[in-house]
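Engineer:
Residue numbers (my numbering): 817 to 991.
#1: Residue 914 and residue 927 - do their beta-carbons sit closer together than 8 Å?
#2: May I have the straight-line CA-CA distance separating residue 828 from residue 848, to the nearest angstrom?
#3: Expressed to the nearest angstrom, what Euclidean distance is found between the alpha-carbon atoms of residue 970 and residue 945?
#4: Assuming residue 947 and residue 968 are in contact, meaning their beta carbons sit under 8 Å apart, how far apart are those beta carbons, in whole angstroms?
#5: Would you say the segment 856-871 touches the segment 882-898, given that touching needs at least three Cβ pairs under 8 Å?
#6: Any idea what DSSP makes of residue 900, helix, strand or coil?
#7: Out of 840, 940 and 837, which one is the CA nearest neighbour of residue 875?
#8: For residue 918 versus residue 961, is the C-beta distance shorter than 8 Å?
#9: Within a Cβ cutoff of 7 Å, which residues of the same chain sit near residue 964, ignoring the five residues on either side of it in sequence?
#10: Pick out whichever of 840, 890, 908 and 870 has its Cα sitting closest to the Cα of residue 898.
#11: Return the CA-CA distance between residue 909 and residue 900, expressed in angstroms with no decimal places.
#12: Taking its Cβ as the centre, do 16 or more other Cβ atoms sit within 10 Å of residue 986, making it buried, or is it exposed?
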């Protein structure tokens, strides 16, 4: 009978997968990743949770989306953009759609939006609306955008909508 060599289990591949061949380099990579993610999610991509039916069916209630805070750094919001608007305090934000730009006049007739007397095409709307309202402040100022939710089946009075000053628009919804 020959002496068979005792086979040792080599788990070096597990170590290589988990911490790499050079633990110091891996630690530096992890630190850079943590700092990058912290900066990214604190200053660039801000999470926002949909709380309420205002943006249904475009955005589901209780879903989490992200605000790109750099989207309007070099350009202004466009009609149709879904934006986050700081309502009161740093933690209260509204998710709304931009429908009127600075200097434009807005009115709701038979559930449709008129911008400067012309009907606005809104392919994202799926529900009936019967709003007939000339908003209190119907002509937007030079730094103001009219924002409203996509779910217009709710009564006009129950909607947070209206002119939002440019400084209160935090960014564009990306996801």
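We treat Cβ as the ideally placed atom computed from N, Cα and C, and that holds for glycine. Note that the coordinates shown come from a computational prediction; the quantities given were computed from them, not determined experimentally.
Structural biologist: The structure says:
#1: no
#2: 25 Å
#3: 8 Å
#4: 6 Å
#5: yes
#6: strand
#7: 940
#8: yes
#9: 912, 913, 915, 975 and 977
#10: 870
#11: 6 Å
#12: buried
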